[in-house]
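Participant: Take this structure, written in structure tokens, and hold onto it; I'll ask about it next.
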Amino acid sequence: MKQGQVRQGGTVESLSRDKQGIHLFRSNLFDIAPPESTTVLRHEVRAFLAKELADGSFVPECDAWIAGFSPEFSMKLGQRGWLGMSWPRPYGGHERSALDRLVVTEELLAAGAPVAAHWIADRQTGPLLLRYGTEEQCLRFLPAIARGECYFAIGMSEPDAGSDLAAIRTSARRVEGGWQLQGRKIWTSWAHQAHCLLVLCRTSPPGKDRHVGMSQMIIELASPGVSTQPIISISGQHHFNEVIFDDVFVSDAMVLGRIDHGWEQVMGELAFERSGPERSLSTFPLLVELIRQLGPQPDEPATEAVGRLVARLWTLRYMSLAVAHLLNSGIAPDVEAALVKDQGTRFEREVAEVTRTLLPSTPALDAPERLNALLAQALLTAPSYTLRGGASEILRGIVARRLEQS
Amino acid sequence: MSDIQDLIIQTATQVFEDHCTTETLRLAEGGVWPAELWAVLEQTGLPLASLPETVGGSGGSLSDALAVLRIAGQFAVPLPLAETYLASWILAASGVALPSGPLTVAFTRGDTAAFQFRRRASTWKMTGIASRVSWARHARQLVALGQSEDGPCLALLAPGRGTISPDQNLAGEPRDTISFADVEVTEVVPLAVTPDWIWSRAALTRSVLMVGALEGMLQRTVRYASERVQFGRPISRFQAIQQQLALLAGEVAASRTSVEAAALIAEQEDEATAAIAIAKIRVGEAAGQAAAIAHQVHGAMGYTYEYPLHFLTKRLWTWRDESGSESEWARWLGQHIAAQGAEALWPFLTT
Numbered sequence: 001m002k003q004g005q006v007r008q009g010g011t012v013e014s015l016s017r018d019k020q021g022i023h024l025f026r027s028n029l030f031d032i033a034p035p036e037s038t039t040v041l042r043h044e045v046r047a048f049l050a051k052e053l054a055d056g057s058f059v060p061e062c063d064a065w066i067a068g069f070s071p072e073f074s075m076k077l078g079q080r081g082w083l084g085m086s087w088p089r090p091y092g093g094h095e096r097s098a099l100d101r102l103v104v105t106e107e108l109l110a111a112g113a114p115v116a117a118h119w120i121a122d123r124q125t126g127p128l129l130l131r132y133g134t135e136e137q138c139l140r141f142l143p144a145i146a147r148g149e150c151y152f153a154i155g156m157s158e159p160d161a162g163s164d165l166a167a168i169r170t171s172a173r174r175v176e177g178g179w180q181l182q183g184r185k186i187w188t189s190w191a192h193q194a195h196c197l198l199v200l201c202r203t204s205p206p207g208k209d210r211h212v213g214m215s216q217m218i219i220e221l222a223s224p225g226v227s228t229q230p231i232i233s234i235s236g237q238h239h240f241n242e243v244i245f246d247d248v249f250v251s252d253a254m255v256l257g258r259i260d261h262g263w264e265q266v267m268g269e270l271a272f273e274r275s276g277p278e279r280s281l282s283t284f285p286l287l288v289e290l291i292r293q294l295g296p297q298p299d300e301p302a303t304e305a306v307g308r309l310v311a312r313l314w315t316l317r318y319m320s321l322a323v324a325h326l327l328n329s330g331i332a333p334d335v336e337a338a339l340v341k342d343q344g345t346r347f348e349r350e351v352a353e354v355t356r357t358l359l360p361s362t363p364a365l366d367a368p369e370r371l372n373a374l375l376a377q378a379l380l381t382a383p384s385y386t387l388r389g390g391a392s393e394i395l396r397g398i399v400a401r402r403l404e405q406s
Numbered sequence: 001m002s003d004i005q006d007l008i009i010q011t012a013t014q015v016f017e018d019h020c021t022t023e024t025l026r027l028a029e030g031g032v033w034p035a036e037l038w039a040v041l042e043q044t045g046l047p048l049a050s051l052p053e054t055v056g057g058s059g060g061s062l063s064d065a066l067a068v069l070r071i072a073g074q075f076a077v078p079l080p081l082a083e084t085y086l087a088s089w090i091l092a093a094s095g096v097a098l099p100s101g102p103l104t105v106a107f108t109r110g111d112t113a114a115f116q117f118r119r120r121a122s123t124w125k126m127t128g129i130a131s132r133v134s135w136a137r138h139a140r141q142l143v144a145l146g147q148s149e150d151g152p153c154l155a156l157l158a159p160g161r162g163t164i165s166p167d168q169n170l171a172g173e174p175r176d177t178i179s180f181a182d183v184e185v186t187e188v189v190p191l192a193v194t195p196d197w198i199w200s201r202a203a204l205t206r207s208v209l210m211v212g213a214l215e216g217m218l219q220r221t222v223r224y225a226s227e228r229v230q231f232g233r234p235i236s237r238f239q240a241i242q243q244q245l246a247l248l249a250g251e252v253a254a255s256r257t258s259v260e261a262a263a264l265i266a267e268q269e270d271e272a273t274a275a276i277a278i279a280k281i282r283v284g285e286a287a288g289q290a291a292a293i294a295h296q297v298h299g300a301m302g303y304t305y306e307y308p309l310h311f312l313t314k315r316l317w318t319w320r321d322e323s324g325s326e327s328e329w330a331r332w333l334g335q336h337i338a339a340q341g342a343e344a345l346w347p348f349l350t351t
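Quick mapping for you: the protein sequence lines, in order, are chains A and B.
Quick note on our numbering: the first sequence kicks off at 1 and runs consecutively.
Quick note on our numbering: the second sequence kicks off at 1 and runs consecutively.
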């Protein structure tokens, strides 16, 4: 029987037809042994964090990359050259490898450090400026971001446009020297304290292809016509906001990239947003505390549960590394990042669910016991993990479409 | 992936496509040894991959052998290929020239004293019993691990020299009990690898086979969903199916990643037990969920003996129990992690 031939009823054929199969991770697994300089860097970051912890400048928290807003901490990182790491030196960057950046970010995440202020700017706005920004924009924003002094928020979602981002209604009409922006954005974390917002808006009406006719613009949040209103999450925390644009003037110099080509730009931004290790480490401080509380000789059910969690996290970390490797090779890892985010965010919640089955607890955000406080943080933020940055169901749709094509 | 490995994968795929048909699998499940399939495979030299030329191997790295094994898993190949590799690695490390033909290994978990070897003048006598010996009845040679007065050792002999009680796993693969009562062996060789090394490498080969089976299952399921028409369209158009396929693909990708990481570490370090444990846990967990999705998407058709999906799913269900289940390995790993303490977790994950 030749490859692919099937007799009636599928009686005689081999089980596998394709030579390579459906292999989502096209890159060969990166080098296990990183360069010496990367290992040195990792230890530098650990030493810094150990000192900060000893000084009491922060307490490890779950979800600290979203909720832990600390300009002081961001500036310390900036001073050490740990922001804008892979950017060109003329823009305040340090021309280090993507692997080096990954090492720094995962150390900060694992420590539950308060990195929220600079996180978006460093992770996605900066790279987007490098790709689409003018020289003027790069010189204006990138060095300040790299110093940990300039913070950006994400202006994508709207009340009527969440998963369906192409349904946005915020629009800009052409005026002399620029644009007049009208509309609103929602879920804009820290817009009430950030400097700028990168807004996706309509500059032309949607045609047959809904994706044509959108643009990205850099809005200074202090501009006339911009107002923010807090949105409180179920935990009582305030980081989300609604941002309203009432005829806000945006000069041509603040348009990012090409008018009406915002969709492909924002897809690139989302690739940066989705490919990070934060999608499995949000509850890592809780996992550490769980192991601490279980002690050196837990009972069998506990050791088994811990073993399973660690196996999952180890695997997720390698999957994250593979995604970073793809991103670094210039490949847009949309499907791979979607897949890792889906599994990673489920894992983050699983840590909380497993913890409460292994130890007695009375979770409360202000509990004096670390376990109870961390567990409360994890439980109350868990519903957001599988929603933010792409709802899991949407991500699975992205994966399914790739499977159809293979 | 090197050019050589590409060639290895192509060759293995071609051999299995041409000679490991559904008919082959049915006959094998009925107890028929697929002689032609083994002969063709042996002719390609693939069972000698990763083995040093000094003992008659064809050279190459561990990942070359594992690449062949992964493809074998994809096709549910009913041969002791993993066992032949494992036996060969043990023999090569212990300085024994590789015999031809299918091989297998008899050992008891954590206890090399499955067989006792006693000196008798210029020769040895071997006694003992081992159960769940893969493919014992069809192997040409058995690597019997045991203990002599000098320490852990091995002997190489034909399984037929012992008494075989046939048994099988859920997928119909031979898992025989073999016993020897004062059987003469002329050569007993000191064992150059530890029981833990053997057990972990067995788990690695089992994990690699499972990744192959998962990949084969994913391909087949995606294809079925695109061909099966209900309500006037392929079922792959329905979101409910798409979501399940995406979950399935995720489990397969996670499995492959963890196993590739373990394989790379095993290639570079002697001590790879933690990485292998993690791979076996992750693949074992994936297997259950993935097989369930595959059967669900295939509907009633996939539940028939005639449709070959079960050759893969039965292997997944049974292989996850072999060479240490997820629970056993997770307990080992959890103990290891707990003993090192909470502060050591992150360094453990990042080494």
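Beta carbons are placed, not taken as given, at the ideal position from N, Cα and C, and that holds for glycine.
Tell me residue 185 of chain A's beta-bridge partners as DSSP assigns them.
Facilitator: Taking the first sequence and counting its residues from 1, the one referred to as residue 185 of chain A is at position 185. Note: residue 185 of chain A sits in a beta bridge opposite A/243.
Participant: What are the residues in the region 390-404 of chain A lying within 7 Å of chain B by C-beta distance?
Facilitator: Hits within the stretch, in order: 393, 396, 397, 399, 400, 403, 404.
Participant: Is residue 362 of chain A buried or exposed, if buried means 16 or more other CB atoms sit within 10 Å of its CB?
Facilitator: On the first sequence, residue 362 of chain A is found 362 positions in, with the first residue counted as 1. Looking at its Cβ environment, which holds fewer than 16 other Cβ atoms inside 10 Å, residue 362 of chain A is exposed.
Participant: Name the DSSP beta bridge partners of residue 125 of chain B, please?
Facilitator: The residue labelled residue 125 of chain B in the question sits at position 125 within the second sequence. The partner list for residue 125 of chain B (beta bridge, DSSP) reads B/118, B/184.
Participant: Measuring straight from C-alpha to C-alpha, what distance separates residue 62 of chain B and residue 20 of chain B?
Facilitator: Translated into positions along the second sequence, residue 62 of chain B becomes position 62. Translated into positions along the second sequence, residue 20 of chain B becomes position 20. Using only the alpha carbons, I get a separation of about 24 Å.
Participant: Should residue 59 of chain B go down as buried or exposed, given a rule of 16 or more other Cβ atoms within 10 Å for buried?
Facilitator: For the purposes of this step, residue 59 of chain B is taken as the residue at position 59 of the second sequence. Exposed: under 16 other Cβ atoms inside 10 Å.
Participant: Have a look at residue 61 of chain A and residue 200 of chain A and give me their C-alpha separation to the nearest angstrom.
Facilitator: Translated into positions along the first sequence, residue 61 of chain A becomes position 61. Translated into positions along the first sequence, residue 200 of chain A becomes position 200. Going by the C-alpha atoms only, they are around 31 Å apart.
Participant: Closest by CA to residue 73 of chain A, which one among A/44, A/286, A/108?
Facilitator: Sequence index remark: in the first sequence, residue 73 of chain A carries index 73 (1-based). Comparing Cα positions, the closest option is A/108.
Participant: Any idea if residue 343 of chain B is buried or exposed, counting beta-carbon neighbours within 10 angstroms, 16 or more meaning buried?
Facilitator: Translated into the one-based positions of the second sequence, residue 343 of chain B becomes position 343. Exposed, by the Cβ-count rule.
Participant: Would you mind listing the alpha helix (DSSP H) stretches within the region 222-286 of chain B that are 4+ residues and don't spill past its ends, in chain order?
Facilitator: The region 222-286 of chain B contains these whole alpha helix (DSSP H) runs: 239-268.
Participant: Select from the region 5-28 of chain B all residues with a C-beta closer than 7 Å to any C-beta belonging to chain A, and list them in chain order.
Facilitator: Those residues of the region 5-28 of chain B that come within reach of chain A (Cβ to Cβ, closer than 7 Å) are 10, 13, 16, 17, 20, 21, 22, 23.
Participant: Which two residues bound the contiguous alpha helix (DSSP H) that contains residue 124 of chain A?
Facilitator: Locating residue 124 of chain A in the first sequence gives position 124, counting from the first residue. No alpha helix (DSSP H) holds residue 124 of chain A; DSSP gives it neither H nor E.
Participant: Measuring only the C-alpha atoms, how far is residue 240 of chain A from residue 185 of chain A?
Facilitator: If you number the first sequence from 1, residue 240 of chain A lands on position 240. If you number the first sequence from 1, residue 185 of chain A lands on position 185. If you take the alpha carbons of residue 240 of chain A and residue 185 of chain A, they lie about 11 Å apart.
Participant: What's the call for residue 53 of chain B, buried or exposed, on a 16-neighbour Cβ count within 10 Å?
Facilitator: For the purposes of this step, residue 53 of chain B is taken as the residue at position 53 of the second sequence. So residue 53 of chain B ends up on the exposed side.
Participant: What residues are listed by DSSP as bridge partners for residue 378 of chain A?
Facilitator: As a working note, residue 378 of chain A is residue 378 in the first sequence. Looking at the DSSP assignment, residue 378 of chain A forms no beta bridge with any residue, so it has no partner.
Participant: In three-state terms, what does DSSP make of residue 14 of chain B?
Facilitator: As a working mapping, residue 14 of chain B is identified with position 14 in the second sequence. Three-state DSSP puts residue 14 of chain B in a helix.
Participant: State yes or no: is the C-beta of residue 78 of chain B within less than 8 Å of the C-beta of residue 25 of chain B?
Facilitator: Here residue 78 of chain B is taken as the residue at index 78 of the second sequence, counted from 1. Here residue 25 of chain B is taken as the residue at index 25 of the second sequence, counted from 1. Yes; because the gap between Cβ atoms is below 8 Å, this pair is in contact.
Participant: From residue 174 of chain B to residue 334 of chain B, what distance separates their C-alpha atoms?
Facilitator: Here residue 174 of chain B refers to the residue found at position 174 when the second sequence is read from its first residue. Here residue 334 of chain B refers to the residue found at position 334 when the second sequence is read from its first residue. For residue 174 of chain B and residue 334 of chain B, the distance between alpha carbons rounds to 32 Å.
Participant: Measuring only between beta-carbons, confirm whether residue 332 of chain B sits less than 8 Å from chain A.
Facilitator: In the second sequence, counting from the first residue as 1, residue 332 of chain B sits at position 332. Judged by the 8 Å Cβ criterion, residue 332 of chain B is in contact with chain A.
Participant: Using C-beta distances below 7 Å, list every residue in its chain close to residue 296 of chain A, excluding the 5 sequence neighbours before and after it, in chain order.
Facilitator: Taking the first residue of the first sequence as position 1, residue 296 of chain A is located at position 296. Around residue 296 of chain A: no qualifying Cβ.
Participant: Strictly under 8 Å for the Cβ-Cβ distance: is residue 385 of chain A near chain B by that measure?
Facilitator: Position 385 of the first sequence holds residue 385 of chain A. No, its Cβ sits nowhere closer than 8 Å to a Cβ of chain B.
Participant: Examine chain B for any beta-carbon lying closer than 8 Å to the beta-carbon of residue 319 of chain A, and answer yes or no.
Facilitator: One-based indexing of the first sequence puts residue 319 of chain A at position 319. Yes, residue 319 of chain A lies at the interface with chain B (some Cβ there is under 8 Å from its Cβ).
Participant: Identify every run of the alpha helix (DSSP H) within the region 276-307 of chain A, keeping only runs that are complete inside it and at least 4 residues long; order them along the chain.
Facilitator: Correct list: 278-281, 284-294.
Participant: Comparing the C-beta of residue 342 of chain A with each C-beta of chain B, is any distance below 8 Å?
Facilitator: Taking the first sequence and counting its residues from 1, the one referred to as residue 342 of chain A is at position 342. Chain B contact via Cβ: present.
Participant: In three-state terms, what does DSSP make of residue 365 of chain B?
Facilitator: An answer regarding residue 365 of chain B cannot be provided, because it is not within the stretch 1 to 351 covered by chain B.
Participant: Mind pulling the chain A residues with CB within less than 9 Å of residue 46 of chain B?
Facilitator: Numbered from its first residue, the second sequence carries residue 46 of chain B at position 46. The premise fails here: residue 46 of chain B is roughly 16 Å from chain A at the closest Cβ pair, so nothing lies under 9 Å.
Participant: For a contact defined as C-beta to C-beta under 8 Å, what are the partners of residue 294 of chain A on chain B?
Facilitator: Indexing the first sequence from 1 puts residue 294 of chain A at position 294. Chain B residues near residue 294 of chain A: 338.
Participant: For a cutoff of 8 Å on Cβ pairs, would you count residue 105 of chain A as touching chain B?
Facilitator: Translated into positions along the first sequence, residue 105 of chain A becomes position 105. False, the Cβ-Cβ gap to chain B never drops below 8 Å.
Participant: Do residue 226 of chain B and residue 273 of chain B have their C-beta atoms within less than 8 Å of each other?
Facilitator: Within the second sequence, numbered from 1, the residue matching residue 226 of chain B stands at position 226. Within the second sequence, numbered from 1, the residue matching residue 273 of chain B stands at position 273. Taking 8 Å as the Cβ cut-off, residue 226 of chain B and residue 273 of chain B do not qualify as a contacting pair.
Participant: Measuring alpha carbon to alpha carbon, tell me which residue in B/244, B/126, B/282, B/9 is nearest residue 261 of chain B.
Facilitator: Here residue 261 of chain B is taken as the residue at index 261 of the second sequence, counted from 1. Taking only the C-alpha atoms, the option nearest residue 261 of chain B is B/282.
Participant: For the candidate residues B/130, B/76, B/193, whose alpha-carbon lies nearest to that of residue 164 of chain B?
Facilitator: As a working mapping, residue 164 of chain B is identified with position 164 in the second sequence. It is B/130.
Participant: So, for residue 49 of chain A: in the same chain, excluding its five sequence neighbours on each side, which residues have a beta-carbon less than 8 Å away from its beta-carbon?
Facilitator: Looking up residue 49 of chain A in the first sequence gives position 49. The residues are 107, 108, 111, 113.
Participant: By DSSP, does residue 61 of chain A sit in helix, in strand, or in coil?
Facilitator: Reading the first sequence from its first residue, position 61 is the one you call residue 61 of chain A. Reduced to three states, the DSSP call for residue 61 of chain A is coil.
Participant: Drop a sphere of 10 angstroms on the beta-carbon of residue 348 of chain A, count the other beta-carbons inside from all chains shown, and report buried for 16 or more, exposed for fewer.
Facilitator: Counting from one through the first sequence, the residue named residue 348 of chain A turns up at place 348. Residue 348 of chain A should be labelled buried.
Participant: Please name the residue in B/5, B/10, B/243 whose C-alpha comes closest to that of residue 342 of chain A.
Facilitator: Along the first sequence, read from residue 1 onward, the residue named residue 342 of chain A stands at position 342. Out of B/5, B/10, B/243, B/243 has the C-alpha closest to the C-alpha of residue 342 of chain A.
Participant: Would you identify the three-state DSSP class for residue 218 of chain A, choosing helix, strand or coil?
Facilitator: Looking up residue 218 of chain A in the first sequence gives position 218. Of the three classes helix, strand and coil, the one that applies to residue 218 of chain A here is strand, per DSSP.
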